[in-house]
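These notes are about the structure you will find just below.
There are 4 protein chains.
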Amino acid sequence: MSNIKNIAVFTSGGDAPGMNAAIRAVVRTGLYYNLNVFGIGRGYDGMVHGDIFPMDAKSVANIIQRGGTILKTARSEEFRTASGRQRAYENLQKQGIDGLVAIGGDGTFTGATKFIEEHNIPIIGLPGTIDNDLVGTDFTIGYDTAINTVIEAVDKIRDTAESHDRVFVVEVMGRDSGLIALRSGISVGAECVLIPEIKVDYEAMMDRLDRTRKNKASRVIIVAEGEDAGGAFAVAERIKERFPHYDMRVSILGHIQRGGSPTCMDRVLASRLGVAAVEALLEGRRGEMAGLIHGQATFTPFSKAIKHLGGINDNLLRIVDILSL
Amino acid sequence: MSNIKNIAVFTSGGDAPGMNAAIRAVVRTGLYYNLNVFGIGRGYDGMVHGDIFPMDAKSVANIIQRGGTILKTARSEEFRTASGRQRAYENLQKQGIDGLVAIGGDGTFTGATKFIEEHNIPIIGLPGTIDNDLVGTDFTIGYDTAINTVIEAVDKIRDTAESHDRVFVVEVMGRDSGLIALRSGISVGAECVLIPEIKVDYEAMMDRLDRTRKNKASRVIIVAEGEDAGGAFAVAERIKERFPHYDMRVSILGHIQRGGSPTCMDRVLASRLGVAAVEALLEGRRGEMAGLIHGQATFTPFSKAIKHLGGINDNLLRIVDILSL
Amino acid sequence: MSNIKNIAVFTSGGDAPGMNAAIRAVVRTGLYYNLNVFGIGRGYDGMVHGDIFPMDAKSVANIIQRGGTILKTARSEEFRTASGRQRAYENLQKQGIDGLVAIGGDGTFTGATKFIEEHNIPIIGLPGTIDNDLVGTDFTIGYDTAINTVIEAVDKIRDTAESHDRVFVVEVMGRDSGLIALRSGISVGAECVLIPEIKVDYEAMMDRLDRTRKNKASRVIIVAEGEDAGGAFAVAERIKERFPHYDMRVSILGHIQRGGSPTCMDRVLASRLGVAAVEALLEGRRGEMAGLIHGQATFTPFSKAIKHLGGINDNLLRIVDILSL
Amino acid sequence: MSNIKNIAVFTSGGDAPGMNAAIRAVVRTGLYYNLNVFGIGRGYDGMVHGDIFPMDAKSVANIIQRGGTILKTARSEEFRTASGRQRAYENLQKQGIDGLVAIGGDGTFTGATKFIEEHNIPIIGLPGTIDNDLVGTDFTIGYDTAINTVIEAVDKIRDTAESHDRVFVVEVMGRDSGLIALRSGISVGAECVLIPEIKVDYEAMMDRLDRTRKNKASRVIIVAEGEDAGGAFAVAERIKERFPHYDMRVSILGHIQRGGSPTCMDRVLASRLGVAAVEALLEGRRGEMAGLIHGQATFTPFSKAIKHLGGINDNLLRIVDILSL
């Protein structure tokens, strides 16, 4: 058992729906175990600049359904330096903080690892990112909401595509990872899904577009922003070259994918992991990310909780092929 | 009283949510008055190519809540020629169609006017366009849904903007009209709204952005696609020049604005106007658009149901100024 | 011109979506005109108990999209007594408050009228109620959102009704007014709409149910809670007696109708009326409700801003009949 | 390898969102493997009465996002008799159907088991029910959508509860299973969750309600319809007895929980299982339900794919306790 008495929670990296549910769970679990709980504003940057404040049960009332993060998030150049981390540590010490919960992605955990090495403070990480690209958890907090936002948007686009017999190329988030593209592509009945993990086979795509014309008034191609063809406009260009008579449109979904009220799945995931993170600190764990694998809370050392590039489920790709007849 | 026995309905121009509700209302009202009712696929193009089919009460069951148009819409080069219109007329004659309801925008009514001149067939128009830019109706079918889609999207963007203290420039539809931008701007609490009807006062905008920093974590600027500054990216560029330290992002909402299940207001409007259109045909009206002004069905000759450029409500602009403190 | 320097805003009666947008508009307009602005918690009850606090631009940041009311609302028995109102007045005087904006329904305005008579303080009312039952405005704040919530719910019910060929009786809010029932009934394509303003013609209803069987898999009857047949269960009972083989279900939508993020229409309405209310106080108006009639801000004395019972638009009833073939 | 050439798909039992996505997947996978695919209307009842029709890729275009089931579902007394099943079998034989995919719950699989015993026809089942109460799959098709519908509704109720400092008792679906109640309870931050699997500890509930008053303006209690206290009204009654001054309200969410556009999770689940079902038939499987366990398609004999009563995750109950401080 640890002697932790005062913990702090912060969010870092890109924001993701469900971060507030995670913050709420960390704060309330801390209070449940009679700890003092602090919030840190603007991630590592707030830590460096002493933006640290006490939180109670009321501070997190009525936030579970809110998108974004009430603790805010920001980049911090200073925390990348040893002197910045030193200042951050001193700010924590002033409040007597002896345990941290860091909600973010792999960049967040890299910073946390450095901080542990230098200042020997227990930190547990939570996977808060829409990209679902981390080893150590089946799903990251925010991923389910982001895909549901994508499919709501593409369902609307399908309405207008059907009315005009149009082909739409829709670009979704995922710089290194096609997971948002792949699951949303299956969900909207996309004709093709282009992702960074797989080299685009243009001939196959053109063939499919041509072949599906007789069954479908509209066609939708989902493109992950990081795929190697160069984004939605470049893909549309190539299709237009081959099929000049197609009525084509491009839509870049953009930042709406980061917002919105979290889904049930993200709220439950964030709540479970928030509880698990505080209990892990109390059990003496540190330098690990709490994740959910096969429905069980699981801990993965930060050094292994990295991006799992290339780990695309082949079966899902096969399903796109079969169902987009 | 007219001798009309067989009517047809079609949609033309850009699709808009609520078109299906209007189609349903036309079909059922026709049946209620013991008319035969036909649908025409793909607008004037379907008329030229004989894509005409009988519709009954069941054809329009369970469509009132659907976005898009089950009758589809398309451009028709052929209908722009006298010979194309001649073919269209012959196709209508084959089915004995002696009255038409045309759902679309001002381009649709221009075509209808020509068609009446040459072939003397009664046509009533319904205002189906998200732009709300037509003289003769307080609201067009689709406008209320489109703005609500915009505000749902910007509410999501606000989540992420707040989390990062960012400035977002969001581009909404409206090539010639700032009405979507203006109402959605008020609805999302935008700091500035740029519209084609008003020359952009950059100094005032920069001042406001600077001034509102202390009260607000995030700022949102709504830009109509047709405004004279050249679109959202150009606006973002200018702000960046002046305030290089701002964390800025651009989002082009695009085609999601045309889709989605229609709002109550659009369903009721479409239903009322669909009934009014058929009753107008039966009363011997022709060459007029049915609209709703001050809650009353009102008829405006096609020659006057044109775009009302420049008719921006000054009071709404003033409200943006007052409320974006 | 008035000499008003310090105003306060409060919400009273049942809450309605858009109340927060109205509060925001009142606060920011007050600040725009260099007034001091206060909020009063829990309506007249907070006034009696001194729950009064200063508000600034930040107090109302990021609330325009939130349902409910951040100022809360409550019943107040004490304010019904002269001594309670005296205490309320003294609390206002302590802060120097010399103008009020009251957001609520006709009960709110009755209280306000008494308060003006006894204490001679300027009050402007805003129509905040989902029922849309007030003389002096085309729409009340919250009405459009409530109906859209109803139609979203009934669209979901339609899914399951269609799958089972069921008849659903759905009860919506409206104790004295069928306006929510009527507009939502048209919007969801209801087969019948029962409202308190019109005596139920059971034979006509049974005939229609019988007649529409051939065209429709499912049927939906919308019942306003105040209609004279005794609510949705009583209506279902009578239908079951006549058509024992119908697969019938009842759904009482209940309190979800009061919540949710306000629609564009309610946000714009609330924003416009909030601005108008403060400007009216500054122009020396008092004892009036600000409403929107035919798109123009209009002021109606509290004595006339009462419930307009019986004022149902016959044309809308006729549309239900025509379209539910 | 099997010799199956002609398969049919049907839905049975209560409808669930995602059934259409499953139908689409079965039809398209059948076509992909060059099978003839039929649909059967109204479940076993349609089988008995010969409501069987060919389906192609187009029959299932643009349905993945629709709630309900295009094939409809119904009870069938006749199929419970041997002679009814005989007729059903003869109808299948007329079309040469030699494989079935049955989408439904444990009642559906009981019928299927009888049918296989008597007529030796291969059947694969898919878990289509919002209750998530089947052994053999981590999630059933429709469950995730239903909970998200619940939390959207309760988020709205929270708005009005907060405005009035009210206590709401909300009843959700789940006659034998508290799974919807439990996950939605965590998601909405419910103060208590009452489920059929656990005897209600009224003293603990009253204590918690009393204790949480200081931190929270509103309180929400989620009650599964089957819990032993007798439903939401009975629970509210008991609370009212103990705390007469509470402002209490009851809301029965009812049938909206069965409808709505399916979430990403349900669409992907239905798509994966639809593909798996057809491939299982082709591999010679029969009398099994396809489910997803730990992300892998898994097959469970109908005899074991029964309701898993009592299998509540204790950890989730603990989380309700910790987080509802």
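Chains U, Z, C and H, in that order, give the protein sequences.
To convert, note that position 28 of the first sequence is 41 in the numbering used here; the numbers rise steadily by one, no gaps.
To convert, note that position 313 of the second sequence is 326 in the numbering used here; the numbers rise steadily by one, no gaps.
To convert, note that position 158 of the third sequence is 171 in the numbering used here; the numbers rise steadily by one, no gaps.
To convert, note that position 39 of the fourth sequence is 52 in the numbering used here; the numbers rise steadily by one, no gaps.
Glycine is no exception: its CB is placed at the ideal position from the N, C-alpha and C atoms.
Boundaries of the beta strand (DSSP E) in which residue i is found, first to last residue
i              : result
R262 (chain H) : 261-265
G52 (chain Z)  : 49-53
M32 (chain U)  : First-last for M32 (chain U): 32-45, but that is the alpha helix (DSSP H), not the beta strand (DSSP E).
I20 (chain H)  : 19-24
I332 (chain C) : Where I332 (chain C) is concerned, there is no enclosing beta strand (DSSP E), although the alpha helix (DSSP H) it sits in stretches over 327-336.
I65 (chain C)  : 65-68
Boundaries (first-last residue) of the alpha helix (DSSP H) holding residue i
i              : result
T123 (chain H) : 119-132
E254 (chain Z) : 245-255
V348 (chain C) : With chain C covering 14 to 338 only, the question about residue 348 (chain C) has no answer from this structure.
I199 (chain U) : 192-201
A283 (chain U) : 277-295
R100 (chain C) : 95-107
Straight-line gap, residue i to residue j (C-alpha atoms, nearest Å)
i              : j              : result
I269 (chain C) : F181 (chain H) : 11 Å
I17 (chain U)  : G54 (chain U)  : 21 Å
I199 (chain H) : R41 (chain U)  : 13 Å
M302 (chain H) : A318 (chain H) : 7 Å
A310 (chain Z) : G118 (chain Z) : 17 Å
G27 (chain C)  : T82 (chain H)  : 38 Å
L338 (chain Z) : I211 (chain Z) : 21 Å
G400 (chain U) : N49 (chain C)  : With chain U covering only 14 through 338, there is no way to say anything about residue 400 (chain U).
V213 (chain Z) : L222 (chain Z) : 14 Å
V281 (chain C) : R196 (chain Z) : 7 Å
S190 (chain U) : E292 (chain U) : 31 Å
I332 (chain H) : N33 (chain U)  : 16 Å
R93 (chain C)  : N104 (chain C) : 16 Å
Y156 (chain U) : N19 (chain Z)  : 53 Å
K320 (chain C) : I154 (chain C) : 15 Å
G187 (chain C) : S264 (chain C) : 15 Å
T162 (chain U) : T142 (chain U) : 15 Å
M219 (chain H) : I325 (chain H) : 23 Å
Nonlocal neighbours in the same chain, by C-beta distance under 7 Å from residue i, ignoring five residues either side
i              : result
T158 (chain C) : P30, G31, G273, P275, T276, D279
V339 (chain H) : A query on residue 339 (chain H) cannot be resolved here, the shown segment of chain H reaching from 14 to 338 and no further.
R298 (chain Z) : I137, F312
R262 (chain H) : R179, F181
Residue(s) in a DSSP beta bridge with residue i
i              : result
G141 (chain Z) : Z:I154
A310 (chain H) : H:L305
L147 (chain Z) : Z:K320
A237 (chain Z) : Z:V185
R224 (chain C) : Per DSSP, none; premise fails for R224 (chain C).
Q232 (chain C) : The sequence given here has Arg at residue 232 (chain C), not Gln. Bridge partners of R232 (chain C): C:V180.
G59 (chain H)  : Bridge partners of G59 (chain H): none, in fact.
V167 (chain H) : Per DSSP, none; premise fails for V167 (chain H).
F269 (chain C) : A small fix is needed here, since residue 269 (chain C) is Ile in this sequence, not Phe. Note: I269 (chain C) sits in no beta bridge, so no partner.
G112 (chain C) : C:I20
Contacts around residue i, its chain only, beta-carbon distance under 8 Å, and the 5 residues preceding and following it disregarded
i              : result
A125 (chain U) : L113, A115, I136, G138, G300, F315
L336 (chain Z) : I199, G202
I247 (chain C) : Note that residue 247 (chain C) is Ala in the sequence shown, not Ile. So the list is empty, once near-sequence residues are dropped.
Contact set for residue i: own chain, Cβ-Cβ below 6 Å, skip 5 residues either direction
i             : result
F66 (chain C) : G52
A21 (chain C) : F51, I53, I110, L113
Quiz item: Is the number of C-beta pairs between the region 162-176 of chain U and the region 230-240 of chain U that are closer than 8 Å three or more?
Solution: yes
Quiz prompt | Segment contact flag, the region 281-295 of chain Z with the region 144-154 of chain Z, C-beta cutoff 8 Å, min 3 pairs | solution = Yes: at least three Cβ pairs fall under 8 Å.
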